[in-house]
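Scroll down for the structure; my scribbles are underneath it.
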Amino acid sequence: MSAVSLTAAAEGDKVALAATGTWTAARAAELEDIVDTTARRYNAARNVDIDLAKLERLDTFGAWLIERLKRSFVLSGSTARIVGLSEADRALMEELRLVNQTPAQKDAAPNRALGALDTVGRAVAEIGWSLVLIANLLGALTAAALRTIGHPARLRFTSIVHHLERVGWRAVPIILLSTFVIGAILAQQGIFRFRSFGADIYVVDMVSVLVLREVGVLIVCVMVAGRSGSAYTAELGAMKMREEIDALRTMGLDPIEVLVLPRIVALVIAVPLLTFLGSMASLYGAGLVCWLYGGMAPAIFLERLREAIWLPTFEVGMIKAPFMALTIGLVACVEGFEVDGSAASLGLRTTASVVKSIFLVIALDGVFAVFFAGIGM
Amino acid sequence: MAGNAPVISVRDLVVRFGDATVLDHVSLDVFEGEILGFVGGSGAGKSVLMRAVIGLLPRRQGTIEVFGTDLAGLSDDARRAIEQRWGVLFQQGALFSSLTALQNVQFPMREYLRLSPRLLEEIALAKLEMVGLGAEVRGKFPAELSGGMIKRVALARALALDPDIVFLDEPTSGLDPIGAAEFDQLIRTLQRTLGLSVFMVTHDLDSLHAVCDRIAVLSEGKVIAAGPIETMLASEHLWLKSYFHGNRGRQIPRRAHH
Numbered sequence: 013m014s015a016v017s018l019t020a021a022a023e024g025d026k027v028a029l030a031a032t033g034t035w036t037a038a039r040a041a042e043l044e045d046i047v048d049t050t051a052r053r054y055n056a057a058r059n060v061d062i063d064l065a066k067l068e069r070l071d072t073f074g075a076w077l078i079e080r081l082k083r084s085f086v087l088s089g090s091t092a093r094i095v096g097l098s099e100a101d102r103a104l105m106e107e108l109r110l111v112n113q114t115p116a117q118k119d120a121a122p123n124r125a126l127g128a129l130d131t132v133g134r135a136v137a138e139i140g141w142s143l144v145l146i147a148n149l150l151g152a153l154t155a156a157a158l159r160t161i162g163h164p165a166r167l168r169f170t171s172i173v174h175h176l177e178r179v180g181w182r183a184v185p186i187i188l189l190s191t192f193v194i195g196a197i198l199a200q201q202g203i204f205r206f207r208s209f210g211a212d213i214y215v216v217d218m219v220s221v222l223v224l225r226e227v228g229v230l231i232v233c234v235m236v237a238g239r240s241g242s243a244y245t246a247e248l249g250a251m252k253m254r255e256e257i258d259a260l261r262t263m264g265l266d267p268i269e270v271l272v273l274p275r276i277v278a279l280v281i282a283v284p285l286l287t288f289l290g291s292m293a294s295l296y297g298a299g300l301v302c303w304l305y306g307g308m309a310p311a312i313f314l315e316r317l318r319e320a321i322w323l324p325t326f327e328v329g330m331i332k333a334p335f336m337a338l339t340i341g342l343v344a345c346v347e348g349f350e351v352d353g354s355a356a357s358l359g360l361r362t363t364a365s366v367v368k369s370i371f372l373v374i375a376l377d378g379v380f381a382v383f384f385a386g387i388g389m
Numbered sequence: 010m011a012g013n014a015p016v017i018s019v020r021d022l023v024v025r026f027g028d029a030t031v032l033d034h035v036s037l038d039v040f041e042g043e044i045l046g047f048v049g050g051s052g053a054g055k056s057v058l059m060r061a062v063i064g065l066l067p068r069r070q071g072t073i074e075v076f077g078t079d080l081a082g083l084s085d086d087a088r089r090a091i092e093q094r095w096g097v098l099f100q101q102g103a104l105f106s107s108l109t110a111l112q113n114v115q116f117p118m119r120e121y122l123r124l125s126p127r128l129l130e131e132i133a134l135a136k137l138e139m140v141g142l143g144a145e146v147r148g149k150f151p152a153e154l155s156g157g158m159i160k161r162v163a164l165a166r167a168l169a170l171d172p173d174i175v176f177l178d179e180p181t182s183g184l185d186p187i188g189a190a191e192f193d194q195l196i197r198t199l200q201r202t203l204g205l206s207v208f209m210v211t212h213d214l215d216s217l218h219a220v221c222d223r224i225a226v227l228s229e230g231k232v233i234a235a236g237p238i239e240t241m242l243a244s245e246h247l248w249l250k251s252y253f254h255g256n257r258g259r260q261i262p263r264r265a266h267h
């Protein structure tokens, strides 16, 4: 690659420029400097010849810079000509003579304060809109469910079983493990604090009530939202991107009935079962820690457990589970249908699905706490 | 039209997937400044050959030389230098969906060249205009573009670094006949103005007639014929006869005479 240059010979208001070397992409930055300097230095010239006869190679980058040089001379009121163009480069120069003729309009500088307000406003509208979409899907889901109750043959049993395996059966090991660990940690922390005032035994009360009423179902829901809600969103989103959902619709099938109903039914069945298993695993973990770390014999643990909890303690957790499953399923499907064409939006929606469903599950838990307190459970 | 030196030279290339041999000792040349049309039945391995040449698929045997350099055993830097000298138009465009049309075209330039923002923008707009798109597409995302526009933006991106070779994988598939004819013309024009060598995988008989200097035919893992369209039409080979003189093919020679 030889050196590039643009030599100038000035004579009165006449300037002869001669370009040499390889005017190609690899030298573009250097060439731009040369071209800009030359344009500035000779902007008073009335008559400019740009001689390309000594060029070794010219590509789009070089050709555009020469065209730009010529235009800058024309803009400052001189006549500029390109001479010595080889046959091979003529077509390229001709092509570039035609481009970038309309000046690019610059966007007005955005107002910072307005921008911040705009972002907040959009975020609020977005929250409202997603609640509307969830209500909308809940309605459509109810209608679809009623239709299938009228015609049980339309219920996609195979599909439900398939999803049940994915979101229920395959989630069992990880749910058991994490709830077991949570139960063990709660018990260990309880023993550690309660021992200082000799109330070790009440650890059983604390752990069992906490696990059965709140923590069991919440941990399961967080796991399910991360594990299955995200998968639902990504699947439906990818199907939407590839027009599979439109294909279903044109075949006269309701996507809600075919895609959403089996998924949500599977979740509503799976989450209570997982909650039950998770609560048991937590109690097991707690009992084990009480025995090995706290020195409380299993028989004593069970005895205390019998006194600490009554059936409603267990029922509170189990009643919440299907509602939380419904929330996770609705959010996941709504977000899936909101995916548009780009890969980025698929990622964005999957994240939103997990974050929103976990938040809504916690909010719902709060509502339930008020409700159960109200009815004395 | 065709220069003497081959820019791509494939010798005895073998590509296997598991036990299935897709390419069986294929040899093929693409000469400087020509448009080579590469045809073959669906699933014959046309795209496989293209992907093997551009290094997306491993080969079992054989050599692939590009610009006279064997691609096997090149250092990363040497390989990158060669990769900057070719552009690829994928069948679906393969535009980055999170970037706008303009950013897609700028992407290779941003990576490899140190350009001022002003020059980057001007050159990218120039490339878009050269493929027949106005400034109105610059801020649009691929999801907002039509199939034909996506192909054009993808072509502009393939041309971003002013390559010497362009690989086109079914450039006219999915376009209507008018759009396809315009695209053929565009490829011809750009090939002439930029002095490109073009390797075009295609099924489009119109493209083969309109723009290809030479045609190579892949069948059963081998290149069974290579030459200008007249040779193909005159061939007595059964597969070639049914391909070029089949119900779809028959229309074209007649039209060409009028």
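As given, the protein sequences belong to chains A and B, one line each in that order.
Count along the first sequence from 1, then add 12; that gives the number in my numbering.
Count along the second sequence from 1, then add 9; that gives the number in my numbering.
Positions of the beta carbon are idealized from the N, C-alpha and C atoms, including for glycine.
Interface flag, Thr202 of chain B vs chain A, CB-CB below 7 Å: Residue 202 of chain B sits at position 193 when you count from the first residue of the second sequence. Taking Cβ atoms only, chain A reaches closer than 7 Å to Thr202 of chain B, which makes this a yes.
Within-7 Å CB hit, Ser354 of chain A to chain B: Here residue 354 of chain A refers to the residue found at position 342 when the first sequence is read from its first residue. So yes, Ser354 of chain A belongs to the interface.
Members of the segment 120–144 of chain B near chain A, C-beta cut-off 9 Å: From the segment 120–144 of chain B, only Tyr121, Leu122, Arg123, Leu124, Ser125, Arg127, Leu128, Glu130, Glu131, Ile132, Leu134, Ala135, Lys136, Leu137, Glu138, Met139, Gly143, Ala144 have a Cβ closer than 9 Å to chain A.
Rounded separation between Leu122 of chain B and Gly148 of chain B - CA only: As a working mapping, residue 122 of chain B is identified with position 113 in the second sequence. As a working mapping, residue 148 of chain B is identified with position 139 in the second sequence. Going from the Cα of Leu122 of chain B to the Cα of Gly148 of chain B covers about 22 Å.
N- and C-terminal bounds of the beta strand (DSSP E) containing Pro334 of chain A: As a position in the first sequence, residue 334 of chain A is number 322, starting the count at 1. Where Pro334 of chain A is concerned, there is no enclosing beta strand (DSSP E), although the alpha helix (DSSP H) it sits in stretches over 323–349.
Residue range of the beta strand (DSSP E) that includes Phe40 of chain B: In the second sequence, counting from the first residue as 1, residue 40 of chain B sits at position 31. Note, Phe40 of chain B: beta strand (DSSP E), 29–40.
C-alpha gap between Val215 of chain A and Ser107 of chain B, whole angstroms: What you label residue 215 of chain A is simply residue 203 of the first sequence in a count that begins at 1. What you label residue 107 of chain B is simply residue 98 of the second sequence in a count that begins at 1. Using only the alpha carbons, I get a separation of about 53 Å.
Enclosing beta strand (DSSP E) for Thr91 of chain A [first to last residue]: On the first sequence, residue 91 of chain A is found 79 positions in, with the first residue counted as 1. Annotation: the continuous beta strand (DSSP E) that includes Thr91 of chain A extends over 91–95.
Three or more C-beta pairs below 8 Å linking the segment 176–188 of chain B and the segment 143–161 of chain B: Enough Cβ pairs lie closer than 8 Å, so yes.
Met241 of chain B to Glu191 of chain B span [Cα, whole Å]: As a working mapping, residue 241 of chain B is identified with position 232 in the second sequence. As a working mapping, residue 191 of chain B is identified with position 182 in the second sequence. Cα to Cα, the separation comes out at about 24 Å.
Interface partners of Phe116 of chain B on chain A, CB under 7 Å: Mapped onto the second sequence, residue 116 of chain B falls at position 107. Under the 7 Å cutoff, chain A gives no residues; its nearest Cβ is about 14 Å from Phe116 of chain B.
Buried or exposed by the 16-neighbour rule on C-beta atoms within 10 Å, applied to Ala53 of chain B: Within the second sequence, the letter at position 44 stands for residue 53 of chain B. So Ala53 of chain B ends up on the buried side.
Cβ-based neighbour list, Arg93 of chain A, same chain, cut-off 6 Å, excluding 5 preceding and 5 following: By one-based count along the first sequence, residue 93 of chain A stands at place 81. So the qualifying residues of the chain are Asp61.
The segment 143–164 of chain B: positions lying closer than 9 Å to chain A by Cβ: Residues passing the 9 Å Cβ filter: Gly143, Ala144, Arg147, Phe150, Pro151, Ala152, Glu153.
Val35 of chain B versus His174 of chain A: straight-line alpha-carbon distance, rounded: Stepping through the second sequence from its first residue, residue 35 of chain B is reached at position 26. Stepping through the first sequence from its first residue, residue 174 of chain A is reached at position 162. Those two C-alpha atoms are separated by around 46 Å.
Unbroken beta strand (DSSP E) run spanning Phe384 of chain A, endpoints: If you number the first sequence from 1, residue 384 of chain A lands on position 372. Counting along the chain, Phe384 of chain A falls outside any beta strand (DSSP E), though it belongs to the alpha helix (DSSP H) covering 355–387.
Straight-line Cα distance separating His254 of chain B from Asp215 of chain B: Within the second sequence, numbered from 1, the residue matching residue 215 of chain B stands at position 206. Within the second sequence, numbered from 1, the residue matching residue 254 of chain B stands at position 245. Each residue's alpha carbon lies about 13 Å from the other.
For Phe176 of chain B: DSSP bridge partner residues: Here residue 176 of chain B corresponds to residue number 167 of the second sequence, with the count starting at 1. Answer by DSSP bridge pairing, in chain order: B:Val97, B:Phe208.
Interface flag, Ala15 of chain A vs chain B, CB-CB below 7 Å: The count along the first sequence starts at 1 and reaches residue 15 of chain A at position 3. Closer than 7 Å to the CB of Ala15 of chain A there is not a single CB belonging to chain B.
Under 7 Å (Cβ pairs) to chain B, residues found in the segment 61–73 of chain A: Within the segment 61–73 of chain A, the residues whose Cβ lies closer than 7 Å to some Cβ of chain B are Asp71, Thr72, Phe73, listed in chain order.
Environment of Ile231 of chain A [buried if 16+ CB atoms lie within 10 Å]: Residue numbering aside, residue 231 of chain A sits at position 219 when the first sequence is read from its first letter. Ile231 of chain A comes out buried.
Classification of Ile224 of chain B by the beta-carbon crowding that lies within 10 angstroms, buried from 16 upward: Start at 1 with the first residue of the second sequence, and residue 224 of chain B comes out as number 215. Its Cβ being crowded by 16 or more others within 10 Å, Ile224 of chain B is buried.
Test: Asp171 of chain B CB closer than 7 Å to a CB of chain A: Working through the second sequence from its first residue, we reach residue 171 of chain B at position 162. Chain A, which has a Cβ nearer than 7 Å to the Cβ of Asp171 of chain B, makes this yes.
Residue-chain proximity (Glu226 of chain A, chain C), Cβ-Cβ < 7 Å: The structure shown contains no chain C; the protein chains it does contain are A and B.
Arg182 of chain A to Arg275 of chain A span [Cα, whole Å]: Locating residue 182 of chain A in the first sequence gives position 170, counting from the first residue. Locating residue 275 of chain A in the first sequence gives position 263, counting from the first residue. Cα to Cα, Arg182 of chain A sits roughly 15 Å from Arg275 of chain A.
Member of A:Ala37, A:Leu126, A:Ile186, A:Glu138 whose CA lies at the smallest distance from the CA of Ile132 of chain B: Looking up residue 132 of chain B in the second sequence gives position 123. Cα-wise, what sits closest to Ile132 of chain B is A:Ala37.
Beta-carbon proximity of Gln340 of chain B to Val23 of chain B, cut-off 7 Å: Past the boundaries of the shown model lies residue 340 of chain B; chain B is included only from 10 to 267, so the question cannot be answered.
Beta-bridge pairing of Gln112 of chain B - partner residues as DSSP gives them: Position 103 of the second sequence, counting from 1, holds the residue named residue 112 of chain B. Beta-bridge pairing links Gln112 of chain B to no other residue.
Alpha carbon of Ser90 of chain A to alpha carbon of Ile46 of chain A, nearest angstrom: By 1-based counting over the first sequence, the position of residue 90 of chain A is 78. By 1-based counting over the first sequence, the position of residue 46 of chain A is 34. Ser90 of chain A and Ile46 of chain A have their C-alpha atoms roughly 19 Å apart.
is_contact[Ser182 of chain B, chain A] using C-beta, thresh 7 Å: By one-based count along the second sequence, residue 182 of chain B stands at place 173. At a cut-off of 7 Å, the C-beta of Ser182 of chain B has no neighbouring C-beta in chain A.
beta-carbon Leu129 of chain A near the ligand FAD non-hydrogen atom, thresh 6 Å: By its list of ligands, the structure shown contains no ligand whatsoever, and the ligand FAD lies outside what it can speak to.
Residues bridged to Trp35 of chain A (per DSSP): By one-based count along the first sequence, residue 35 of chain A stands at place 23. Residue pairing of Trp35 of chain A in beta bridges, as defined by DSSP: A:Leu70.
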